[in-house]
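Q: A single structure is presented below for examination.
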RNA sequence: GCGGGUGUGGUGAAAUUGGUAGACACGCUAGACUUAGGAUCUAGUGCUGCGAGGCUUGGGGGUUCGAGUCCCUCCACCCGCACCA
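Residue numbers (this note's numbering): 8 to 1123.
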């Protein structure tokens, strides 16, 4: 009975599927453990042996935790939106949805082939509408949220507008625009569109502008690193900077929290360090310099604000440097310098970000001709521009302190700017003194102070003068959230007259079809880019332009148009051009309104009697349908609605409904004011004067708005009324979301993957909580990991989940590199073996690793590899072999060094493959793949198999009682394996298994008492063979559900120790002593030892060191 | 330029708190068994030396009875970068 791995593995894979062994329930009776791999992008190339490294590690850990009694969630899915599928589609004319489907199928086969314990019922795919529905939904939550700096939490926009109504934005400064300051009165006077503009500056998902590289020839937007020397990397086409409206996530508001809570995470220090660097918190000061010359009269631009982390060096300022993109540059540049500055600005525009960053030694810049006044010395300071100052960091301007900053120093030297020394002897003129030791000199009232003290003193003086203030700066920037691509999540956003609305906002919700999530990605035949840098979706005009309303609504509107009040399809009367457009959503609104008019309440009757017939100078209608509601009284001329509420103030439910109604009506553009029955009854005069006041504060829309195009009031129109032949104004957003959208929250979806009502139920997220162990590569250090942390915090703040960090522990796996093989090629088809290559004049050529065994080339296969090599001739070594050379490189198809795990599994089995991947070395280290080494692991499994079954005799396991030696081996192994798995040292676990099997083989052990626990121990590593042995041992249920063997100290306790005995720390011999032997006795025996005596030559040692249980050292 | 990481036999590596450096494998050498060996088993294998021994964890220095491990310094390689003021 030999180890027939392929048969064994086939059988158990089928058994696991048939019996749903890996099905995971949300079972609250067991402790949970959530272990997750960073899900793969299913590329067309399939998995290579590098991909599963982390998956094997997490699978081992998952199986181990399950053996230890945990309910383990260990899911897998696919990050299936992305650029490669789209590019493939462009080239091959295959729809991304099709290729993605095919690729995922292949990936799943490959993954299953390796024997992972995934519950595929929980699989998620980011490109699945059932999944991205919730990505869009979360986007909407972010859109409807802002960051409350007082409570340090993401909050709903409703709360923000309540604050604005109450007190303006004094207590909640605008994160995007510190010049945006307004009072409650200002707020109430704004139009809805203006208010929306303000709110946009607060939203967590917001629209702004960003410069992107646009390449006309390629028709796409390029990433920074795709632009080299001002042309596209691919094809060398010209590129230009283009300012484009883009979505952003306001991650900067979370900077401090993202930084602070890193301390609570069990991540590697380098990983945390990378995030800290990315967030880049720095304490410093803002300093204002008044522009002296070359400045326009306008006081607003009379000063330039710089940010510095070294306010203590303020007296060392010899010049200011603005980013060439700084908005002041054009205004302050003197006529004399204009040509030079323009030329320089043009030069910088041609430079890619990468180049500006990488070429440190290249010093460029231009003098603006302007001078600024030093706030403390009042002396003039020249203002320069240079590409080394970035517009996007700090204030986009710095103060140049050449004696204290190396870059400033180089700049001053290069342009011959005189340098002020503020460090005394520490600065010698050769290079800047940037150490923070010593004292500041030559600096007025700061002279003699240490750096820290001087910084404080400088800031407080500047504050007193009103010339500066303390400031904490983060280098983290808001995350660009739009891509001009097809294969990504569409935004649930519709533009009405250019104003973006979420699909769950009033004007859109009127149409059930438009407001429905998901906004499905339309099927297209062409993936070419749209014009003007837009994404491919812009080409699908049928989809972009919202032209065909849902049929029933449309039909109904036509037949009822005479009753539709302000609404008629052909209603082009100018009277309505300034009035908010709206639609009556519910058919029976008209009947209800008519009925209501006949049945006024007492309060309503009183109000009506006082406002009817232009009594307040404006015409009111009563019981008028608006959108889905019926307004009590409405003045269309002033877009004012009066509500008389019976229950508003004492019924919470009613209050909620009414607030929603107010919100919707105000979104459309009406102002809603409400009064109680009681107010009308007892304080009618106050009510009427409040109405009068409201009327007088609002513009008259009937005539003024039409005539006065500069009016503050802008029309907010409902998309529904605007639709009609040729009259479309509503468009869908044509950008799609970036790759990290779907991956920012996928870990939550696994908890409750098939939920159609929520992204995940609160019960599920409360049970599974954070990911206990997250396994993936370091390449996601600052992208994915930072974004998902932000999303988690936002979802937590908004009350959707109960934890604010996604990944408790992080394990970074290293890369498996490829090992490329080269043959030495002379001419076209003559090849020379490596040993003789030096005698020939040729070049190395990559050959596929499959053609090579170790370093020995299979010459026949090379001839068949490619047609042009069919007549190849070979100069071999003396023994007839042809040798290649090897080089470690990235594993990639183009380097012919990709090894497919399927091939390895076919040849050696999945168990061997899994163990070998682990045996290669520590999980977090990168290492090259070498198929040769796998033999050792395969031999080990065969050797282990022979403990249980003999090739000739068959099953050999006995019920004999184990010996002490056998028990010691077993328990030593239990301890080692358990400890190793806990600390993710899987390579040493594999070694230990080898040692154990070697020792048991030597002892000829075939005892069930030893071999049954061994089968369980190895199950996480080699599940197939473990399952086979477990069943052969008589069990009828899966080994997956067994219990991890319990380590017992008593079996491994020894009472003697073989000590290394060293002379001066150099081991010379070994001697065995009882562990409880007294030192005197040991000393006597050691010094009497023949070998030791040879070294001591009979002399008494200077020192005798005895560390119990460790070693003995004799110092002579 | 900045930040992070890694340097141990021919190769992958081990040494968990400062305590026998090179476990466990690959490869290689020799042998056994065999029709065969790309199966299996046995022995050997850091370098050097006949040997006693000497040398050896990227180089140099230090702390210690004792250093791969701690400290200083230099070097090489890999990864990332948004010149971060």
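No residue lacks a Cβ here, since even glycine has one placed at the ideal position from N, Cα and C.
Classify residue 412 as buried or exposed, calling it buried when 16 or more other Cβ atoms lie within 10 Å of its own Cβ.
A: Mapped onto the first chain, residue 412 falls at position 405. Answer is buried; the Cβ neighbour count reaches 16.
Q: Please report the residue range of the beta strand (DSSP E) in which residue 1067 lies.
A: Taking the first residue of the first chain as 1, we reach residue 1067 at position 1060. Where residue 1067 is concerned, the enclosing beta strand (DSSP E) stretches over 1063–1070.
Q: Using the three-state DSSP reduction, which class does residue 178 fall into: helix, strand or coil?
A: Here residue 178 is taken as the residue at index 171 of the first chain, counted from 1. DSSP places residue 178 in coil when its eight states are reduced to three.
Q: What residues in its chain sit with their C-beta under 7 Å from that of residue 901, if we drop five residues either side in the sequence?
A: Along the first chain, one-based indexing puts residue 901 at 894. Excluding positions up to five away in sequence, the list is empty.
Q: What three-state label does DSSP hand residue 17 in the structure shown?
A: Numbered from its first residue, the first chain carries residue 17 at position 10. If DSSP states are grouped into helix, strand and coil, residue 17 belongs with the helices.
Q: Buried or exposed: which applies to residue 292, given that a residue is buried once 16 or more other Cβ atoms fall within 10 Å of its Cβ?
A: The residue given as residue 292 occupies position 285 in the first chain. With 16 or more other Cβ atoms within 10 Å, it is buried.
Q: Got a sec, what are the start and stop residues for the beta strand (DSSP E) residue 838 sits in?
A: Along the first chain, one-based indexing puts residue 838 at 831. 837–839 is the span of the beta strand (DSSP E), which, as asked, contains residue 838.
Q: Let me know if residue 1114 comes out buried or exposed under the rule of 16 or more other beta-carbons within 10 Å of its beta-carbon.
A: By one-based count along the first chain, residue 1114 stands at place 1107. Exposed, since its Cβ has fewer than 16 Cβ neighbours within 10 Å.
Q: Exposed or buried, what is residue 243 when buried is set at 16 or more other beta-carbons lying within 10 Å of its beta-carbon?
A: Here residue 243 is taken as the residue at index 236 of the first chain, counted from 1. Exposed: under 16 other Cβ atoms inside 10 Å.
Q: Whose C-alpha, out of 792, 1118, 522, is nearest the C-alpha of residue 1076?
A: The residue labelled residue 1076 in the question sits at position 1069 within the first chain. Closest option to residue 1076, Cα to Cα, is 1118.
Q: Taking DSSP's pairing of strands, which residues face residue 830 in a bridge?
A: In the first chain, residue 830 corresponds to position 823, counting from 1. Per DSSP, 852.
Q: Using 8 Å for Cβ pairs, my map puts residue 950 next to residue 1004. What's the rounded Cβ distance?
A: For the purposes of this step, residue 950 is taken as residue 943 along the first chain, with counting starting at 1. For the purposes of this step, residue 1004 is taken as residue 997 along the first chain, with counting starting at 1. Residue 950 to residue 1004, Cβ: 5 Å. Contact.
Q: Candidates 43, 493, 858: which alpha carbon is nearest residue 91's?
A: As a first step, residue 91 must be located in the first chain, where it is residue number 84. Residue 493 is the option with its Cα nearest to residue 91.
Q: Taking 8 Å as the cut-off, does the stretch 506–520 touch the stretch 329–340 (at least 3 CB pairs, one atom from each stretch)?
A: No, they do not touch.
Q: When burial is assigned at 16 or more other CB atoms within 10 Å of the CB, is residue 630 buried or exposed?
A: What you label residue 630 is simply residue 623 of the first chain in a count that begins at 1. By the neighbour-count rule (16 or more Cβ atoms within 10 Å), residue 630 is buried.
Q: Which residue comes first and which comes last in the alpha helix (DSSP H) that contains residue 413?
A: Translated into the one-based positions of the first chain, residue 413 becomes position 406. Per DSSP, residue 413 belongs to the alpha helix (DSSP H) from 413–421.
Q: I want to know whether the stretch 32–48 touches the stretch 887–897 - three or more CB-CB distances under 8 Å.
A: As far as the Cβ criterion goes, the stretch 32–48 does not touch the stretch 887–897, which means the pair count is below three.
Q: Could you tell me the boundaries of the alpha helix (DSSP H) in which residue 7 lies?
A: Any property of residue 7 remains undetermined from this structure, which presents the chain solely from 8 to 1123.
Q: Taking 8 Å as the cut-off, decide whether the C-beta atoms of residue 663 and residue 821 are in contact.
A: Reading the first chain from its first residue, position 656 is the one you call residue 663. Reading the first chain from its first residue, position 814 is the one you call residue 821. No, they are not a contact pair.
Q: Distance, Cα to Cα, residue 1106 vs residue 1123?
A: As a position in the first chain, residue 1106 is number 1099, starting the count at 1. As a position in the first chain, residue 1123 is number 1116, starting the count at 1. In a straight line, the C-alpha of residue 1106 is about 8 Å away from that of residue 1123.
Q: For residue 393, which residues in the same chain have their Cβ closer than 6 Å to its Cβ, ignoring the five residues on either side in sequence?
A: In the first chain, counting from the first residue as 1, residue 393 sits at position 386. Once the five neighbours on either side are set aside, the close Cβ partners of residue 393 are 328, 372.
Q: Do three or more CB pairs link the stretch 145–164 to the stretch 211–228 at distances below 8 Å?
A: Segments in contact, yes.
Q: Hey, how far is the Cα of residue 190 from the Cα of residue 183?
A: Within the first chain, numbered from 1, the residue matching residue 190 stands at position 183. Within the first chain, numbered from 1, the residue matching residue 183 stands at position 176. So the two alpha carbons sit approximately 18 Å from each other.
Q: Is DSSP giving residue 603 helix, strand or coil here?
A: Position 596 of the first chain, counted from the first residue, corresponds to residue 603. Three-state DSSP puts residue 603 in a helix.
Q: What's the C-alpha gap between residue 770 and residue 460?
A: Translated into positions along the first chain, residue 770 becomes position 763. Translated into positions along the first chain, residue 460 becomes position 453. In a straight line, the C-alpha of residue 770 is about 53 Å away from that of residue 460.
Q: Report the three-state DSSP secondary structure of residue 70 (helix, strand or coil).
A: If you number the first chain from 1, residue 70 lands on position 63. Correct three-state label for residue 70: helix.
Q: Determine, using beta carbons only, whether residue 34 and residue 124 come nearer to each other than 8 Å.
A: By 1-based counting over the first chain, the position of residue 34 is 27. By 1-based counting over the first chain, the position of residue 124 is 117. Contact flag unset, no.
Q: With distance defined between alpha-carbon atoms, name the residue in 755, 552, 1103 nearest to residue 807.
A: Mapped onto the first chain, residue 807 falls at position 800. Of the listed residues, the one whose Cα sits closest to residue 807 is 755.
Q: Could you compute how far the alpha carbon of residue 551 sits from the alpha carbon of residue 535?
A: Numbered from its first residue, the first chain carries residue 551 at position 544. Numbered from its first residue, the first chain carries residue 535 at position 528. Going from the Cα of residue 551 to the Cα of residue 535 covers about 15 Å.
Q: Excluding the five sequence neighbours on either side, which residues of its own chain have a C-beta within less than 7 Å of the C-beta of residue 1126, listed in chain order?
A: This structure does not reach residue 1126, given that the chain is present from 8 up to 1123, and the question cannot be answered.
Q: At the level of alpha carbons, what is the spacing between residue 876 and residue 946?
A: Here residue 876 refers to the residue found at position 869 when the first chain is read from its first residue. Here residue 946 refers to the residue found at position 939 when the first chain is read from its first residue. C-alpha separation (whole angstroms): 37 Å.
Q: Out of curiosity, what's the CA-to-CA distance linking residue 910 and residue 134?
A: In the first chain, the residue the question calls residue 910 occupies position 903. In the first chain, the residue the question calls residue 134 occupies position 127. The alpha-carbon atoms of residue 910 and residue 134 are separated by roughly 30 Å.
Q: What's the C-alpha gap between residue 339 and residue 423?
A: By one-based count along the first chain, residue 339 stands at place 332. By one-based count along the first chain, residue 423 stands at place 416. Between residue 339 and residue 423, the C-alpha separation is close to 22 Å.
Q: Please tell me whether residue 487 and residue 88 are closer than 8 Å, where the distance is taken between their beta carbons.
A: On the first chain, position 480 is the one that residue 487 refers to. On the first chain, position 81 is the one that residue 88 refers to. The answer is no: Cβ separation not under 8 Å.
Q: For residue 229, which residues in the same chain have their Cβ closer than 7 Å to its Cβ, ignoring the five residues on either side in sequence?
A: Position 222 of the first chain, counting from 1, holds the residue named residue 229. Hits under 7 Å: 220, 222, 239, 246.
Q: By Cβ distance below 7 Å, which residues in the same chain neighbour residue 561 in space, the five residues on each side in sequence not counted?
A: Taking the first residue of the first chain as position 1, residue 561 is located at position 554. Legend: pLDDT at residue 561 = 26, less than 50; position of this residue unreliable, value from coordinates given subsequently. The answer is none, since no qualifying residue turns up.
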